[in-house]
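Please read the structure below before turning to the comments.
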Amino acid sequence: MAAINRDDVAHLAHLAHIEMSAEELDRMAGELAVIVESVKSVSEAAGDDVPATSHPIPLTNVFREDVVGHTFTAEQALSGAPDAYEGRFKVPAILDEG
Amino acid sequence: MTENNELIRSSAAALAGKLAAREVSAVEVTQAHLDRIAAVDGKVHAFLHVNTDEALAVAAEVDAIRAAGGDAAGELHALAGVPIAVKDLIVTIGQPTTAGSKILEGWHSPYDATVVKRLRAAKMPILGKTNLDEFAMGSSTEHSAFGPTHNPWDLDRIPGGSGGGSAAAVAAFEAPLALGTDTGGSIRQPGAVTGTVGVKPTYGGVSRYGAIAMASSLDQIGPVSRTVLDSALLHQVIGGHDPRDSTSLQDPLEDLVAAASIGNVAGMKIGIIKELHGEGYQAGVENRFNESLELLRGAGAEIVEVSCPNFKYALGAYYLIMPSEASSNLAKFDGVRYGLRVLPEEGPMTIERVMGATRAAGFGDEVKRRIILGTYALSAGYYDAYYGSAQKVRTLIQRDFDAAFAKADVLISPTAPTTAFKLGEKLNDPLAMYLNDVATIPANMAGVPGLSLPGGLADEDGLPVGVQLLAPARQDARLYRVGAVLESLLEAQWGGPLLDRAPSLTDPALTGSALSDAAASSHGGSH
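Residue numbers (my numbering), protein chains in the order written: chain R, 351 to 448; chain S, 59 to 585.
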């Protein structure tokens, strides 16, 4: 497995929508390289015959009656929004058309 | 003052008895704890918010119902009027919920978590919200955006984490009970380093609805207290099926209080996990652990050794699965629906750039580290090697537990490899910080329940040591049975509860040099 470098971190930060300064990228790349190195052994622990476990207690689909349950009013749903307009979330521009 | 001292040092079970007998009112009990918070929380900083008015109103309601008598008084829950603190990862109407993060500073949830609804139904006054590592990511509370919590045993030291606030609140007699959440040890490890009791129930045994998710396949809400019986009492309030959490178990709740009252372990097989003690564990931790084994053996339990060879991969697998799940759970903090919005200083105001600026300003370093690590582990080309492998390790850990529980009814280990370390000591070394959870993580990976109780004080530093008990999934009752017996054997040896030896936080002669610094650095919001 390849080591994680500064360019990787910059790309990942972009994917994760976290702006990072040059100094932060340097520091984070160093820290993550150490962490990734330490978890490497995991990829050699289990053979192909071992099934994956995604959930600690086996679950099947959980159903409920198809009736309206608890819902929020628009006021409740918007109560923590940083910006709202006429009962809706107000979102910054999706596209940069400048 | 003596009277109040007696109230705040009482167990929840003892308070419930005094309330039912009307020896004391719920308002008096609640006020005594609020007074204690006012007196010591400047030093401890266990609370991010104190809920004075509502707590007193609920207590007054309980008193009024009791005074009126009749059916309503008879139907009061046994813990009605017994106050409780709630980890600030669990949402509450009427109080802010921050998750210890700037991104949620001042946010009020429009709904209550299911566990909070159950506290309200039992009429337990909620004293306030307790401090934690941001989004429960940490083992020391130093990653809280609102300043660390201080260990009541030594204010210069960490109270564990992420639920250091809940554990410290209980250890400092600011609350008899608290709620915690445990993803990799966040209830049990703070319990260990503060000399208190903490339980991670079987995965799905307590509803997670309203707990702000970190890693959904690992997170579990559970009780924090000073005695094993008190945890059992609280577990019965919050446990049981909840249709709002699809991962909630359908099973009826066992009688955990009865289990805590059985009073013997004769004939039970208790397994020492070979891989979870010895090398890497502090000598004083190992000594107290061995003493607990001797006490259990003396009480008629059979001590056997079990081996869990794949536990050595647990920490690594955890640090792939947990960040992967956290990175997707935390994607919802987008600066649009709730919480912080930060605008970029220049350039186009697009949603992408607003999100980038918001998350840069709103998340702390540890949260960013885990989001980036999770994004990496889930990315194309690495998924099989990282996330896929970690999920296979999870299977191996479950198999290890299955084999161990074929030989033993309950497993035992130290809860944490060391006693409480100094604030700041491991803050710049993420890997050293992660190692604190080496003994607690396997339970989360397999979904099995675990309990930590005080095992005594380490010889070298006089600080609390935790003993961890683990049981098969859905067998939480065994933890309470063995835990209560071990607790009573240990307390007979000590001549009383371990917390009797903790320093007084109100006597200036005994509180050490950290005191003034602690008070000065405490900036955790709205007391």
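Ideal placement from N, C-alpha and C gives every residue a C-beta, glycine not left out.
Check: At a Cβ threshold of 8 Å, is TYR267/S touching chain R?; Outcome: no
Check: Distance, Cα to Cα, PRO432/R vs GLN456/S?; Outcome: 44 Å
Check: Can you tell me the Cβ-Cβ gap for GLY432/S and SER385/S, rounded? I've got them flagged as a contact below 8 Å.; Outcome: 3 Å
Check: Please report the residue range of the beta strand (DSSP E) in which LEU185/S lies.; Outcome: 184-188
Check: In whole angstroms, what separates the C-alpha of SER437/S from that of ILE279/S?; Outcome: 30 Å
Check: Who does ARG438/R pair with in a DSSP beta bridge?; Outcome: TYR435/R
Check: Thinking C-beta only, is LEU137/S closer than 8 Å to ALA74/S?; Outcome: yes
Check: Expressed to the nearest angstrom, what Euclidean distance is found between the alpha-carbon atoms of ALA577/S and GLN308/S?; Outcome: Residue placement at ALA577/S is poorly supported in this model, since its pLDDT is 41, which falls under 50; the coordinates still yield a value, given next. Looking at the two C-alpha atoms, the distance is approximately 46 Å.
Check: Among all the DSSP beta bridges, which residues are the ones paired with THR156/S?; Outcome: Answer is none; THR156/S lacks a bridge partner.
Check: Does PHE193/S come within less than 8 Å of chain R when only Cβ atoms are used?; Outcome: no
Check: Where do the ends of the beta strand (DSSP E) carrying GLY513/S lie?; Outcome: 508-515
Check: Three Cβ pairs or more, each shorter than 8 Å: is that satisfied between the region 534-542 of chain S and the region 489-500 of chain S?; Outcome: no
Check: Would you say ALA402/R reaches chain S, if we count a Cβ-Cβ gap shorter than 8 Å as a contact?; Outcome: yes
Check: Taking 8 Å as the cut-off, does the region 165-182 of chain S touch the region 205-217 of chain S (at least 3 CB pairs, one atom from each stretch)?; Outcome: no
Check: Work out the CA separation of PHE193/S and LEU409/R for me, nearest whole Å.; Outcome: 26 Å
Check: Using the rule of at least 16 other Cβ atoms within 10 Å of the residue's Cβ for burial, across every protein chain shown, is ILE184/S buried or exposed?; Outcome: buried
Check: Using a Cβ-Cβ cut-off of less than 8 Å, list which residues of the region 437-466 of chain S approach chain R; keep chain order.; Outcome: SER437, TYR440, ALA443, TYR444, GLY446, SER447, ALA448, GLN449, LYS450, VAL451, ARG452, THR453, LEU454 and GLN456
Check: Using the C-alpha atoms, what's the distance from ALA225/S back to LEU362/R?; Outcome: 35 Å
Check: Looking at the unbroken alpha helix (DSSP H) that takes in LEU375/R, where does it start and where does it end?; Outcome: 372-389
Check: As an exercise, report each continuous alpha helix (DSSP H) stretch of at least 4 residues that is fully enclosed by the region 328-391 of chain S, in chain order.; Outcome: 341-356 and 372-387
Check: Assign ARG427/S to one of three DSSP states: helix, strand, or coil.; Outcome: helix
Check: Among the candidates GLN449/S, GLY219/S and ASP565/S, whose CA atom is the shortest distance from the CA of THR188/S?; Outcome: GLY219/S
Check: Where GLY422/S and GLY358/S are concerned, what is the direct C-alpha to C-alpha distance, given to the nearest angstrom?; Outcome: 50 Å
Check: I'd like to know if PHE421/S contacts chain R, where contact means its C-beta is closer than 8 Å to some C-beta of that chain.; Outcome: yes
Check: Quick one: grab the DSSP three-state call for ASP111/S.; Outcome: helix
Check: Taking just the CA atoms, how far does HIS107/S sit from SER584/S?; Outcome: Low confidence applies here, because SER584/S scores a pLDDT of 41, under 50, leaving its location unreliable; read the following figure in that light. SER584/S and HIS107/S: Cα-Cα distance of roughly 6 Å.
Check: Distance cutoff 8 Å, beta carbons only. Does GLY437/R sit that close to anything in chain S?; Outcome: no
Check: Any C-beta of chain R sitting closer than 8 Å to the C-beta of ILE409/S?; Outcome: yes
Check: Can you tell me whether LEU353/S is buried or exposed? The criterion is at least 16 other CB atoms within 10 Å of its CB, across all chains shown.; Outcome: buried
Check: Answer with yes or no whether the minimum CB distance from ASP376/R to chain S is below 8 Å.; Outcome: no
Check: Is LEU401/S helix, strand or coil by DSSP?; Outcome: coil
Check: Do you know how far the Cα of ASP487/S is from the Cα of ASN411/R?; Outcome: 41 Å
Check: Strictly by DSSP, which residues pair up with ARG452/S?; Outcome: In the DSSP output, where bridge partners are listed per residue, ARG452/S has none listed.
Check: So which of LEU521/S, VAL286/S, LEU557/S and LEU311/S has the shortest CA-CA distance to SER319/S?; Outcome: VAL286/S
Check: Which chain S residues sit within Cβ distance under 9 Å of THR357/R?; Outcome: Note that residue 357/R corresponds to Asp in the displayed sequence, not to Thr. Here the premise fails: no neighbours, minimum Cβ distance about 12 Å.
Check: Excluding sequence positions up to five away, which residues of its chain have a Cβ less than 8 Å from the Cβ of GLY405/S?; Outcome: ARG411
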